[in-house]
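First the structure, in the form of structure tokens, and then the observations on it.
Protein chains: 2
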Amino acid sequence: MSQVKSDLEIAFESEMKKINEIADNLNLFDEEVENYGHYKAKLSLSILDRLNENEDGKLILVTSINPTPAGEGKSTVTVGLAQAFYKIGKNAIVALREPSLGPTMGVKGGATGGGNSQVLPMDDINLHFNGDIHAITTTNNALAAFIDNHIHQGNELEIDVRRITWKRVVDLNDRALRNVVVGLGGPSGGVPREDGFDITVASEIMAVLCLATSIQDLKERLKRIVVAYTIHKTPVTVGDLKVEGALALLLKDAIKPNLVQTIEHTPAIIHGGPFANIAHGCNSVIATKMALKLGEYVVTEAGFGADLGAEKFLNIKTRALGVTPDAVVIVATIRALKMHGGVNKNELTNENALAVKDGIQNLEKHVETVRKFNVPVVVAINKFISDSEEEISVLKQWGQDNGIKIVLTEVWEHGGKGGVELAESLVSMLKDPKEKFNYLYELSDSIENKIEKIAKEVYGADGVNISPKAKKQILEFNENGWGDLPICMAKSQYSLSDQPSLVGRPSGFKVEIRELKASIGAGFIVALTGNVMTMPGLPKKPAALNMDVDELGRPKGLF
Amino acid sequence: MSQVKSDLEIAFESEMKKINEIADNLNLFDEEVENYGHYKAKLSLSILDRLNENEDGKLILVTSINPTPAGEGKSTVTVGLAQAFYKIGKNAIVALREPSLGPTMGVKGGATGGGNSQVLPMDDINLHFNGDIHAITTTNNALAAFIDNHIHQGNELEIDVRRITWKRVVDLNDRALRNVVVGLGGPSGGVPREDGFDITVASEIMAVLCLATSIQDLKERLKRIVVAYTIHKTPVTVGDLKVEGALALLLKDAIKPNLVQTIEHTPAIIHGGPFANIAHGCNSVIATKMALKLGEYVVTEAGFGADLGAEKFLNIKTRALGVTPDAVVIVATIRALKMHGGVNKNELTNENALAVKDGIQNLEKHVETVRKFNVPVVVAINKFISDSEEEISVLKQWGQDNGIKIVLTEVWEHGGKGGVELAESLVSMLKDPKEKFNYLYELSDSIENKIEKIAKEVYGADGVNISPKAKKQILEFNENGWGDLPICMAKSQYSLSDQPSLVGRPSGFKVEIRELKASIGAGFIVALTGNVMTMPGLPKKPAALNMDVDELGRPKGLF
Numbered sequence: 001m002s003q004v005k006s007d008l009e010i011a012f013e014s015e016m017k018k019i020n021e022i023a024d025n026l027n028l029f030d031e032e033v034e035n036y037g038h039y040k041a042k043l044s045l046s047i048l049d050r051l052n053e054n055e056d057g058k059l060i061l062v063t064s065i066n067p068t069p070a071g072e073g074k075s076t077v078t079v080g081l082a083q084a085f086y087k088i089g090k091n092a093i094v095a096l097r098e099p100s101l102g103p104t105m106g107v108k109g110g111a112t113g114g115g116n117s118q119v120l121p122m123d124d125i126n127l128h129f130n131g132d133i134h135a136i137t138t139t140n141n142a143l144a145a146f147i148d149n150h151i152h153q154g155n156e157l158e159i160d161v162r163r164i165t166w167k168r169v170v171d172l173n174d175r176a177l178r179n180v181v182v183g184l185g186g187p188s189g190g191v192p193r194e195d196g197f198d199i200t201v202a203s204e205i206m207a208v209l210c211l212a213t214s215i216q217d218l219k220e221r222l223k224r225i226v227v228a229y230t231i232h233k234t235p236v237t238v239g240d241l242k243v244e245g246a247l248a249l250l251l252k253d254a255i256k257p258n259l260v261q262t263i264e265h266t267p268a269i270i271h272g273g274p275f276a277n278i279a280h281g282c283n284s285v286i287a288t289k290m291a292l293k294l295g296e297y298v299v300t301e302a303g304f305g306a307d308l309g310a311e312k313f314l315n316i317k318t319r320a321l322g323v324t325p326d327a328v329v330i331v332a333t334i335r336a337l338k339m340h341g342g343v344n345k346n347e348l349t350n351e352n353a354l355a356v357k358d359g360i361q362n363l364e365k366h367v368e369t370v371r372k373f374n375v376p377v378v379v380a381i382n383k384f385i386s387d388s389e390e391e392i393s394v395l396k397q398w399g400q401d402n403g404i405k406i407v408l409t410e411v412w413e414h415g416g417k418g419g420v421e422l423a424e425s426l427v428s429m430l431k432d433p434k435e436k437f438n439y440l441y442e443l444s445d446s447i448e449n450k451i452e453k454i455a456k457e458v459y460g461a462d463g464v465n466i467s468p469k470a471k472k473q474i475l476e477f478n479e480n481g482w483g484d485l486p487i488c489m490a491k492s493q494y495s496l497s498d499q500p501s502l503v504g505r506p507s508g509f510k511v512e513i514r515e516l517k518a519s520i521g522a523g524f525i526v527a528l529t530g531n532v533m534t535m536p537g538l539p540k541k542p543a544a545l546n547m548d549v550d551e552l553g554r555p556k557g558l559f
Numbered sequence: 001m002s003q004v005k006s007d008l009e010i011a012f013e014s015e016m017k018k019i020n021e022i023a024d025n026l027n028l029f030d031e032e033v034e035n036y037g038h039y040k041a042k043l044s045l046s047i048l049d050r051l052n053e054n055e056d057g058k059l060i061l062v063t064s065i066n067p068t069p070a071g072e073g074k075s076t077v078t079v080g081l082a083q084a085f086y087k088i089g090k091n092a093i094v095a096l097r098e099p100s101l102g103p104t105m106g107v108k109g110g111a112t113g114g115g116n117s118q119v120l121p122m123d124d125i126n127l128h129f130n131g132d133i134h135a136i137t138t139t140n141n142a143l144a145a146f147i148d149n150h151i152h153q154g155n156e157l158e159i160d161v162r163r164i165t166w167k168r169v170v171d172l173n174d175r176a177l178r179n180v181v182v183g184l185g186g187p188s189g190g191v192p193r194e195d196g197f198d199i200t201v202a203s204e205i206m207a208v209l210c211l212a213t214s215i216q217d218l219k220e221r222l223k224r225i226v227v228a229y230t231i232h233k234t235p236v237t238v239g240d241l242k243v244e245g246a247l248a249l250l251l252k253d254a255i256k257p258n259l260v261q262t263i264e265h266t267p268a269i270i271h272g273g274p275f276a277n278i279a280h281g282c283n284s285v286i287a288t289k290m291a292l293k294l295g296e297y298v299v300t301e302a303g304f305g306a307d308l309g310a311e312k313f314l315n316i317k318t319r320a321l322g323v324t325p326d327a328v329v330i331v332a333t334i335r336a337l338k339m340h341g342g343v344n345k346n347e348l349t350n351e352n353a354l355a356v357k358d359g360i361q362n363l364e365k366h367v368e369t370v371r372k373f374n375v376p377v378v379v380a381i382n383k384f385i386s387d388s389e390e391e392i393s394v395l396k397q398w399g400q401d402n403g404i405k406i407v408l409t410e411v412w413e414h415g416g417k418g419g420v421e422l423a424e425s426l427v428s429m430l431k432d433p434k435e436k437f438n439y440l441y442e443l444s445d446s447i448e449n450k451i452e453k454i455a456k457e458v459y460g461a462d463g464v465n466i467s468p469k470a471k472k473q474i475l476e477f478n479e480n481g482w483g484d485l486p487i488c489m490a491k492s493q494y495s496l497s498d499q500p501s502l503v504g505r506p507s508g509f510k511v512e513i514r515e516l517k518a519s520i521g522a523g524f525i526v527a528l529t530g531n532v533m534t535m536p537g538l539p540k541k542p543a544a545l546n547m548d549v550d551e552l553g554r555p556k557g558l559f
């Protein structure tokens, strides 16, 4: 067996075009493009004004089955599909999320696609990428400092130090910061209180940045963020602290989308990366809008499986974006379907058509869910060399029986060429006029009803159990006038249910709503099921142990 | 009295040149310049190789008397002097430190000069400036996460959790983080221990970056950093944790100097900004080296007064740089001299020639100190409208009596034009061949002797009192083989002594050495006198309250 090249090796062997060339191909003006090095740029928000009257391109959302340890390759297919559109002469743009540095340092595996379907420069994108996430970390922590300083300086707003909901963040996997006590060391160290750190991508600032439609909207969202409650249990906002201007100032560059390219020089706009559990898991509204003005076909993705990322894209992001997808691609692999059919990770190379058949149920549920929104669906199989003819034919038969388009792709190995059939299927499918989008719930539905609709319609649950704590919160949230916000579910990504071990298509379960969280700046209510990890830890042997940089600044060991 | 324009207003009214034009004037190649937006760039380290054989320019170090609340304007004079050189047809470059965001958000007042002697774009330089400080924050905190993860995963190195010297950092003023307890919440939250946060510019990573001469040297310095002691009291290094490669990778862009311009389009290289108390307070060695290869006259500065910044520049930085200054400029104002002469801040506008005469003693000591290094000195008076003829003549008379060159500058108001006399004095002074530089101490002197020499020769102390704790540390440090490192004094900047209230030229005092700190990566032993603040707090009304950004991304209220 020949040695397989790493993504980093493939990336380094490919020659990038200067970013200005990519920008020129998009007919951008020089003053709209701020280079960050030779191969990255930030795009001015003025592009949105200039192209305001342009018709939007077609929006294709890529999602997946519930992720498994077998890997699905959603980002790889997303990049590969955009390259495939480019290959067949379509002006395509891929719009992705920015990776978080924490997982990069912890676990081998990036968020920039793989093989011949990558975005470049993958090392820079996986490291500090134009400083966006660092700006968000700083903004988040500046706000925390303003809160603690307010308390230290006399606490005019009567903030209850036991009811501060704003946490600090680092863009690292650092379990020791999950639960901390700050303000120790006597009066000069402020007021002692319990606190904790999240990973930056879980910060509400990230969600706010990703849902904002302009700097003005950013500032208004920042102003609405609830950071604490007073001793009278009334909410305290950023506006009460009068720092929304300073926070917005800290984000003045981070709000500009980043332009890079794929390995085949397809333009890629990468911007924002909120968690797909306690936030909505999609790239920024501004980036997507801009891509739609600049491209004929825009391929974007959402976090985790369709039950989390796509549901939130469809119910939350589209409401801020003002645009709904023209089609949804659900990515699966034969290997992952086998795991949903009950096969262990170390038996994946054994042929097992029966397990594929069982596992298809997971895929089937996601197809059904997307169809409820009245959006056309294609299933893309990210092909592996170990997939057998029989396994594939089981899947194809199921597609035929149920009127579901299934397309094999080989974008990891062949780049855009490996996705041409998928691109062509979509081009042909999108010739039909767009049908009316169907929201799963109305914003005016009650909080309970919205949660229940998601649990039943998307997860296939029998219903929900709302804890006494969450019930009390619903009352309070309604009193605060937050009842009309959409719901952002925080649930295990590994199962359609809230129990990670239930693979396939579980039934007969109820979803346990443990607690709610008010993300008023982002503009949604988070419903937490079970324990949601907002600060990952490092493994025993972090990926960082293999990393290095040579005398010319070239990275080593980064995937 | 007419309204005085703010620095931000002056900055915004001036037209910048595109950074490529500035780079072209320095004869840099396109591939050596990585733009960060239209007006900032990073410079490739390959420039150092290409110009290795070029003769160095003249190096001028700007320092000041002990800072007072009256303000001295050291950065303004530094920028103005470079502009003045440019004005008289000399190819000059100003090499500055990067400002920290913490003070920017806290107290009105930037670190980018003022009036018509500023570096631009001042807003970007004062905010996230090409991400350097964020990269340092991330590197510092990644290391902290690796340490806590090592302990959590079994603690193979037998780190004593009570003897971890590595602290986490944020680039903010956040007193609540000075003393914290991390690792709470049960086994999933790691191992509980006392910890604390410093401001990023106090991180040893910053000092390491600023003293490194190449990526290889950076990696070796990182490897040597001592982060903790084992239960057997032996030092634990980054090398023991095997993460120097990952840390260096995180700094691969931060190590590249940043190119910007002054308001008069003089090239400015701004890079690195370590604290001048627990670190050495100078811009990076790499940036200074590069400026010396690119410019005929390089004007740089060091933190606080000559007793701190200049002493460390001369004893620490020159040893890594391999170059010593050709001249030192000591900046003072009549107002500040009056404060050193005992006048209160609110009486500064009253003429008081007697107080000037008394205050000159502070200036005199700094002149004497610099002359001990055998480097020519010029005193630059940063002129204020309130300075009287008589006050100025007192100063001039003192200069004449003591053979000290004193030059008035008006660079805040008039830019380079206001510093032409100073520039011309330096040009004429530097025609003489450079005399042999005289180090204040040999590295082979004992730790006690090195400290004593600084205290006596630079501060004018009678001697030092070394605490029992510090004495014990000296024994340990010698055992560890650290006895030959230079000393980095952490002392109040406001006084020549270690007591902030003793202005002027105190005498008859001893310096109290409370504790030592081993910065083995940076390559110095910090001697702490009194309490040194490594994490500032915010004032009751932080500067952030006035900050804002408009719909076009333009900042407001930033100075």
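Line order of the protein sequences matches chains G and W. If you use full-length UniProt numbering, the first sequence corresponds to residues 1 to 559, in order. If you use full-length UniProt numbering, the second sequence corresponds to residues 1 to 559, in order. A virtual CB, placed ideally from N, CA and C, is assigned to each residue, including glycine. Keep in mind that this is a model prediction, so the values were computed, not measured.
Put simply, the region 79-96 of chain W touches the region 261-269 of chain W. At least three CB pairs are less than 8 angstroms apart. Our two residues, P235(W) and I225(W), have alpha carbons roughly 9 angstroms apart in a direct line.
Using a Cβ-Cβ distance cut-off of 8 angstroms, the region 383-398 of chain W and the region 46-55 of chain W are not in contact, since fewer than three pairs of beta carbons, one from each stretch, lie closer than that value. By the criterion of a C-beta distance shorter than 7 angstroms, R514(G) is surrounded in its chain by S467, A470, L528, T529 and G530, once the five residues flanking it on both sides are discounted. Residue-level contact by beta carbon fails for Q261(G) and chain W, as no gap is shorter than 8 angstroms. Contact between T63(G) and E368(G) fails: their C-beta atoms lie close to 13 angstroms from each other, not under 8 angstroms. Rounded to the nearest angstrom, the Cβ distance from G131(G) to H128(W) is 5 angstroms, consistent with a contact under 8 angstroms.
For G114(W), the beta-bridge partners assigned by DSSP are S117(W). No Cβ-Cβ contact shorter than 8 angstroms links I487(W) with I520(W).
Among the residues facing chain W, K540(G) is included, as its CB has a counterpart in that chain under 8 angstroms away.
By the criterion of a C-beta distance shorter than 8 angstroms, T237(W) is surrounded in its chain by K223, R224, I225, V226, V227 and I520, once the five residues flanking it on both sides are discounted. Here G359(W) is near K338(W), since their CB atoms are less than 8 angstroms apart. Under the DSSP assignment, G463(W) falls outside any alpha helix (DSSP H), being part of the beta strand (DSSP E) whose first and last residues are G463 to I466. In this structure I263(W) is buried. Its beta-carbon is surrounded by 16 or more other beta-carbon atoms within 10 angstroms.
The beta carbon of F559(G) does not come within 8 angstroms of any beta carbon belonging to chain W, so the residue lies off that interface.
Ranked by Cα distance from V464(G), the options L211(G), W482(G) and K491(G) are led by K491(G). Within the region 217-264 of chain G, the complete alpha helix (DSSP H) runs of at least 4 residues fall at 238-241 and 244-250. Within the same chain, and ignoring the five residues on either side of G483(G) in sequence, the residues whose Cβ sits closer than 7 angstroms to its Cβ are S446, I447 and F477. Closer than 8 angstroms at the C-beta level to chain G, one finds these residues of the region 132-162 of chain W: H134, A135, T137, T138, N141, A142, A144, A145, F146, D148, N149, H152, Q153 and G154.
Burial is judged here by how many other beta carbons sit within 10 angstroms of a residue's own beta carbon; P187(W) has fewer than 16 and is exposed. Here the alpha carbons of V243(G) and G537(W) stand approximately 17 angstroms from one another.
With contacts defined by Cβ atoms closer than 8 angstroms, T200(W) and V285(W) do not form a contacting pair. Taking the CA atoms as reference points, E204(W) sits about 8 angstroms from A279(W). Counting other Cβ atoms within 10 Å of its Cβ, L475(W) stays below 16 and is therefore classed as exposed. In this structure, I151(W) places its C-beta atom within 8 angstroms of the C-beta atom of V191(W). Residue state for M429(W) is assigned as helix, using DSSP reduced to three classes. Judged by DSSP secondary structure, A320(G) falls outside any beta strand (DSSP E) and instead within the alpha helix (DSSP H) spanning T318 to L321.
Residue state for T409(W) is assigned as strand, using DSSP reduced to three classes.
N35(W) sits in a strand when the DSSP states are folded into three classes.
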